[in-house]
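What the sequence shown shows, in my numbering, is residues -18 to 243, in sequence order. For reference, the structure is listed below as structure tokens.
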Amino acid sequence: MAAVWVCLLFGVLTCKAQLTNGVTGLLHMPSADMQRDGTLMIGGNFLNRHNLPNNFWWGYDSYNYFLNVTFFKRLELAYVCTLFKGKKENSYWPEITWGKFVNQDRHFAARLQVLREGEWWKHMPALVLGVNDPTTGSGGDYTNMAVEGNGNGYFNRMYLAMTKHFDVRVGELGVHAAWLYNRRTDYPLNGPAVGVNFKPAFHKELNLIAEYDSKTVNVGFTYSMWSDHFNLLFELQDGKYVSAGLVYKVNLIGGNRWKHWR
-18 MAAVWVCLLF GVLTCKAQLT NGVTGLLHMP SADMQRDGTL MIGGNFLNRH NLPNNFWWGY
42 DSYNYFLNVT FFKRLELAYV CTLFKGKKEN SYWPEITWGK FVNQDRHFAA RLQVLREGEW
102 WKHMPALVLG VNDPTTGSGG DYTNMAVEGN GNGYFNRMYL AMTKHFDVRV GELGVHAAWL
162 YNRRTDYPLN GPAVGVNFKP AFHKELNLIA EYDSKTVNVG FTYSMWSDHF NLLFELQDGK
222 YVSAGLVYKV NLIGGNRWKH WR
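Put into structure tokens, the structure is as follows:
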């Protein structure tokens, strides 16, 4: 068992995850990896309550689902929905909704790769600017940018992320660093995040993950199936709180590989 934890802590993924948040990255922290141009991802996750940003609205385990598309190799856009339960003794929720998944928080996310790995200089790390939940509103009007405090804009964050990969004898190692920022009071961010990744040469479908996401240390893995069209995700937030998910990936401009289910 100790050997497993050592592998998890010192090995991590190049298979671009962060799919708990519906975008490319590690588990929670962003990276500067990008999907292939034209990639469409549809996925969903079971989220432990410790994985959710606002204890008043999410004092329970929940779920999310998302749609994500990568354009022009450098731009990634996502639409993410996270399920709400009706809250007891709150005037917004009639009693029939209490404790039931009857609503959802919706937010957008965007990532722009400013520099690709090795661009201009062979040792150049990739560089990405990103934002989650940048605006808020109701009734379909999302022009209000006031996402500070503890109201709508629960998943708001801005970040700068860097990534560099290294070929090693037993696989591929990735090193990731980021700075995250928001002006939330329920889930404040203003600090560094770091992670490493390792994709073992003996079994390329398996990717182990470890990170410090600016709040907690998290470990987990993804497993790629059916020529990377399906990706399973498992994580232990803070080493103990389980979240898991499934993602379907397809490239809209071709180049897909298909093989028998394994």
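Virtual Cβ for every residue (Gly too), placed ideally from N, Cα, C.
Sub-9 Å separation of residue i and residue j beta-carbons
i, j, result
"residue 192", "residue 163", "no"
"residue 34", "residue 159", "no"
"residue 94", "residue 64", "no"
"residue 214", "residue 203", "yes"
"residue 146", "residue 98", "yes"
"residue 41", "residue 27", "no"
"residue 143", "residue 107", "yes"
"residue 60", "residue 24", "no"
"residue 224", "residue 1", "yes"
"residue 181", "residue 170", "no"
"residue 174", "residue 9", "yes"
"residue 219", "residue 36", "no"
"residue 230", "residue 212", "yes"
"residue 30", "residue 62", "no"
"residue 89", "residue 58", "yes"
"residue 68", "residue 38", "yes"
"residue 81", "residue 66", "yes"
Cα-Cα separation, residue i to residue j
i, j, result
"residue 183", "residue 103", "27 Å"
"residue -18", "residue 49", "Annotation note: pLDDT 38 at residue -18 (below 50); position unreliable, no value reported."
"residue 234", "residue 91", "20 Å"
"residue 47", "residue 105", "31 Å"
"residue 135", "residue 113", "9 Å"
"residue 207", "residue 239", "7 Å"
"residue -16", "residue 155", "Confidence in residue -16 is poor, its pLDDT being 35 and thus under 50, which makes the residue's placement too unreliable to answer from."
"residue 237", "residue 18", "12 Å"
"residue 172", "residue 161", "6 Å"
"residue 176", "residue 7", "8 Å"
"residue 79", "residue 71", "9 Å"
"residue 133", "residue 116", "9 Å"
Collapsed DSSP secondary structure at residue i in the structure displayed
i, result
"residue 190", "strand"
"residue 242", "The predicted position of residue 242 is uncertain, since its pLDDT is 46 and thus under 50; no value can be drawn from it."
"residue 237", "coil"
"residue 63", "strand"
"residue 17", "coil"
"residue 211", "strand"
"residue 98", "coil"
"residue 76", "helix"
"residue 0", "helix"
"residue 89", "strand"
"residue 264", "Past the boundaries of the shown model lies residue 264; the chain is included only from -18 to 243, so the question cannot be answered."
"residue 82", "strand"
"residue 8", "coil"
"residue 43", "strand"
Distance cut-off 8 Å: residue i Cβ against heavy atoms of the ligand FMN
i, result
"residue 132", "Absent from the structure shown: the ligand FMN. Ligands present: none."
Beta bridge counterpart(s) of residue i as assigned by DSSP
i, result
"residue 33", "DSSP lists no partner for residue 33."
"residue 22", "49, 230"
"residue 244", "Given that the chain is displayed from residue -18 to residue 243, the structure contains no residue 244 and the question cannot be resolved."
"residue 58", "50, 91"
"residue 203", "188, 214"
"residue 107", "144"
"residue 225", "27, 215"
Legend entry - Sequence ranges, beta strand (DSSP E) only - wholly within the stretch 117 to 179, length at least 3: Every unbroken stretch of the beta strand (DSSP E) spanning 3 or more residues and falling wholly within the stretch 117 to 179 is given here in chain order: 117 to 119, 122 to 125, 138 to 149, 152 to 162.
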